[in-house]
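In what follows, a single structure is set out as structure tokens and then discussed.
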Amino acid sequence: MKSLEWSLMLFFLVSIFPSVISQCSIAAQKGLIAKTCKETPHYKLCQSTLQAGPQNLKANLRGLTLIAINAAKEKTTMIVNDMEKMIASNPRLKDPLSECRGFYKRVLSDHIPRALEALKKGDPKAAANGLSKAAAGANECQKKLIRLSKKLAEDGMSKADVEEFDKILTIKRLKEESQERWKALINIIRTLYYLFVIIRIIIKKLIR
Numbered sequence: 080m081k082s083l084e085w086s087l088m089l090f091f092l093v094s095i096f097p098s099v100i101s102q103c104s105i106a107a108q109k110g111l112i113a114k115t116c117k118e119t120p121h122y123k124l125c126q127s128t129l130q131a132g133p134q135n136l137k138a139n140l141r142g143l144t145l146i147a148i149n150a151a152k153e154k155t156t157m158i159v160n161d162m163e164k165m166i167a168s169n170p171r172l173k174d175p176l177s178e179c180r181g182f183y184k185r186v187l188s189d190h191i192p193r194a195l196e197a198l199k200k201g202d203p204k205a206a207a208n209g210l211s212k213a214a215a216g217a218n219e220c221q222k223k224l225i226r227l228s229k230k231l232a233e234d235g236m237s238k239a240d241v242e243e244f245d246k247i248l249t250i251k252r253l254k255e256e257s258q259e260r261w262k263a264l265i266n267i268i269r270t271l272y273y274l275f276v277i278i279r280i281i282i283k284k285l286i287r
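Number 96 in my numbering belongs to position 17 of the sequence shown; there are no gaps in the numbering.
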């Protein structure tokens with residue numbers, strides 16, 4: 080009888096053990112994410128981004144870095160695609176958007192792949208250096224496109240502004256057809272810059 084009781088107890092313990100371990104692991108991951116994100120200036124974005132990543136990458140800082148970089152890659156792809164659509168619907172936007180569009184394409188083809196490769200090799204410092212350049216460029220493009228959006232949305236334009244932007248759209252048409260698209264694009268660009276800031280902070284913790 081006692082043997083049966085011990086067998087049943089052992090079966091019970093074995094059956095719940097994986098669940099207990101899993102719950103402890105999830106709690107530890109949430110704790111790591113919360114602690115990491117509190118050190119960034121964009122806590123909510125950091126937390127939502129890292130929580131949305133694959134479970135198997137949440138156990139350590141390297142995994143959290145990979146989640147954040149992949150999120151940045153996704154946002155960059157969205158930006159490039161949105162710019163392409165805007166240019167396709169109005170080819171006159173090609174020149175004003177060309178510099179930043181080229182930058183974001185380089186982020187996808189160069190900065191992010193190099194950072195991922197550096198992390199794979201166990202060299203977070205090299206990854207940080209590359210992504211610092213990406214962050215600086217993202218910040219500059221954010222400022223440039225915000226200035227461009229404001230100029231395009233103004234009711235009145237100076238002669239210099241007219242010469243610079245007369246190839247794009249009339250102000251009235253911009254307001255009617257493109258203003259929301261610009262706002263959406265700038266919001267994604269701003270989010271991407273914040274993600275790069277978050278990534279740099281996490282990588283600095285890796286380097287310590």
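Ideal placement from N, C-alpha and C gives every residue a C-beta, glycine not left out.
In this structure, the CA atom of alanine 213 is about 14 Å from the CA atom of alanine 150. Selection Leu227, Ala215, Asn160, Leu143 evaluated against serine 127 yields Leu143 as nearest (Cα-Cα).
For histidine 190, the three-state secondary structure derived from DSSP is helix. Separation of isoleucine 278 and leucine 227 (C-alpha to C-alpha, rounded to the nearest whole angstrom) is 28 Å. The shortest C-alpha to C-alpha distance from glycine 181 to any of Thr155, Lys117, Gln108 is the one to Thr155. The C-alpha of leucine 129 is placed about 14 Å away from the C-alpha of isoleucine 282. Around the beta carbon of glutamine 134, fewer than 16 other beta carbons sit within 10 angstroms, so the residue counts as exposed. Distance check between leucine 176 and each of Asp189, Asn160, His190 places Asn160 closest, using alpha-carbon atoms only. Here the stretch 213-222 lies against the stretch 265-276, with 3 or more beta-carbon pairs under 8 Å apart.
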